[in-house]
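Numbering (our numbering), first residue to last: 325 to 1025.
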């Protein structure tokens, strides 16, 4: 019941205000996201009436460590007591405060900000400004009272030391020299001791905010997609065949091998090559048309193998330092067992037939969508969530979810929360090429990563605006981009017409602009660029509908981009600056066809592989320059804000091109860059800010 305006509050002595806490997603309706070991920076406006000093603390706890809605601020101490932990916040000016923490474990956490008017700090601030002898003597007595109160709160050794200090203040208030008395009252050691035991009875506390902490793979990684059935063409490939394919993918530096749906494929209304409505007897159909007499979403296509084959594949991938991601598409082929067993889960047309999927003018006659307004929605939700739980039971921990934006938001919020409560290491990638607000809603609901519009962002203004939004916009705290230059559904025009240079450009942009990226592997490696027809983004002879003999293509075209992909992924792994998005900064270069940007990571122990390491200043600074025009040579003057990058304005520094191994000595902010897409369309520089000089050598020992 809402309190009447003329009623007294429960506690009217709370003078501090805490507001504008960041990060928070929709006022705390949804959790912010971080990964294990990643920094969470929290800011808040903390202030009070009058001129008294305010102290603020960042408090946090893991979900399940206690039932309190708010920290017990009266008994909280820096470093944490009981179920809540805390660190002091520092003032930034204009009543804005900041603190940061790194959370060590996966799961749901809660954080909040507490602030209070601190009587001891207020007294000390005033005493510093006092000059009148009588005022100082009176202030010493006030300080003694405050020290005694702090001693009572502290107890133990701290309490004894504070009590002794209080006695000295009282004894010296009348007899001591004023300068000596003021020095005793302002003693830094005693001030630090008193600050450990403040009076928080009247603290203001912001409503706790949720935070989901994922494993590191949610933040950064490289995905490689391939169709197992095409591995041994013209014979249908198997999951066992995938094991022999893993060393090559691992050698290229990928972290996740992603397989399209592995379930039985419907025979009724099966599509033929190039999405033909009529399929021949030997046509394999689309893996996204799930379900046949052999089973549905919990079964494996008989030609691919068995559950044991999948478990062996997962184990083999782990042996190469990789994971297996499965595609989950919540839709059914017409002959999926659920269509007959649960007719209420599907919509009907006026003639009584089940409504197949449509996105006019596109029609997907081989797919039945689920009806999320079904009267039997509870049973359907349980069954759909059971798909994920089944494959988690087989050892899968990464899922790419097909078209989640065409399914109920309410379902995703319930299902993802329930699954990750039991399996917090599970990751979900939302394949939702749709409107921005819908994509962001899915991320808020619990998807760990999201597809992006990168596929269609090609010019410098487009790329700059979009990645500024991804790295620094309001969605940063919950929307993790996973960028793909191509997918089995999308062969963008840029790749159709730009030749090898275009593929190299898009690879380097994807791998360095974002901490997570992926490629539809064989088609990208071998630079497949033939559209189904002019103006289409569909592949000619799409692997979605037929087997592709990539080995024959490789023999015809050579290894394609495999070596470059491996080099780029080695650079990514070795340089912590490329493991996140928050440090992305675009740089000034005077050619509109060129894009330049920097990423930085502070000193750490990560990355000692090829092209890794840190400069003598500590930290890892990467600068990327890309020629966006795949046809022509371009050059330009790159201007660096050296102080912003941690260097003197007139500094000399080494630019180590990690793609070629070349090293350049640059000086000052402006330097010349020339890039030929026929050779390499980009530099990936690691900046070494301290160079050797004669002072580094001594030949006379």
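Glycine residues also receive a C-beta, built at the ideal position from the N, C-alpha and C atoms.
#1: Taking C-alpha atoms, which residue in 698, 689, 624, 898 lies nearest to residue 711?
#2: Take residue 915 and list the residues in its own chain whose beta-carbon comes closer than 6 angstroms to its own, dropping the five residues that flank it on each side.
#3: Determine the direct distance from the alpha carbon of residue 888 to that of residue 300, and round the result to whole angstroms.
#4: How many angstroms separate the CA atom of residue 631 from the CA atom of residue 872?
#5: Along the chain, where does the beta strand (DSSP E) containing residue 652 start, and where does it finish?
#6: Distance, Cα to Cα, residue 530 vs residue 336?
#7: Under DSSP, the alpha helix (DSSP H) around residue 1008 begins and ends at which residues?
#8: Which word fits residue 913, buried or exposed, when buried means at least 16 other C-beta atoms lie within 10 angstroms of its C-beta?
#9: Less than 8 angstroms separating the beta-carbons of residue 653 and residue 589?
#10: Check for me: the beta strand (DSSP E) holding residue 582 runs from which residue to which?
#11: In this structure, what does DSSP give as the bridge partners for residue 944?
#12: According to the neighbour-count rule (16 or more other Cβ atoms, all chains shown, within 10 Å of its Cβ), is residue 954 buried or exposed?
#13: Would the stretch 516-523 count as touching the stretch 481-495 if we require 3 or more Cβ pairs under 8 angstroms?
#14: Going by DSSP, name the residue or residues bridged to residue 417.
#15: Rounded to whole angstroms, what is the Cα-Cα separation between residue 500 and residue 971?
#16: Does the count of Cβ pairs from the stretch 500-513 and the stretch 802-815 closer than 8 angstroms reach three?
#17: From the DSSP secondary-structure annotation, give me the bridge partner or partners of residue 364.
#18: Between the stretch 568-583 and the stretch 591-598, do three or more beta carbon pairs fall short of 8 angstroms?
#19: Tell me whether the stretch 408-420 and the stretch 444-452 touch, counting them as touching only if at least three CB pairs, one residue from each stretch, are closer than 8 angstroms.
#20: Whole angstroms are fine: how far does the CA of residue 471 sit from the CA of residue 490?
#21: Could you tell me whether the Cβ atoms of residue 917 and residue 901 are closer together than 8 angstroms?
#22: Tell me the rounded alpha-carbon separation between residue 452 and residue 440.
#23: Go through the stretch 422-495 residue by residue and report every complete run of the beta strand (DSSP E) that reaches 3 residues or more, in order.
#24: Could you pull out every unbroken alpha helix (DSSP H) segment of at least 4 residues lying fully inside the stretch 510-578, listed in chain order?
#25: Could you tell me which of 828, 857, 858 sits nearest to residue 850, measuring between CA atoms?
#26: Which value, in whole angstroms, describes the spacing of the CA atoms of residue 762 and residue 753?
#27: With a Cβ-Cβ cutoff of 8 angstroms, do residue 505 and residue 462 count as a contact?
#28: Scan the stretch 723-756 and note each continuous beta strand (DSSP E) run of 3 residues or more that stays entirely inside, going in chain order.
This is what the structure holds:
#1: 624
#2: 958, 960
#3: With the chain running from 325 to 1025 in the structure shown, residue 300 is simply not present.
#4: 25 angstroms
#5: 647-652
#6: 16 angstroms
#7: That residue, residue 1008, is in no alpha helix (DSSP H); its beta strand (DSSP E) goes 1006-1012.
#8: buried
#9: no
#10: 580-583
#11: 925
#12: buried
#13: yes
#14: 420
#15: 51 angstroms
#16: no
#17: 425
#18: no
#19: no
#20: 5 angstroms
#21: no
#22: 21 angstroms
#23: 431-441
#24: 512-519, 563-575
#25: 828
#26: 14 angstroms
#27: no
#28: 751-755
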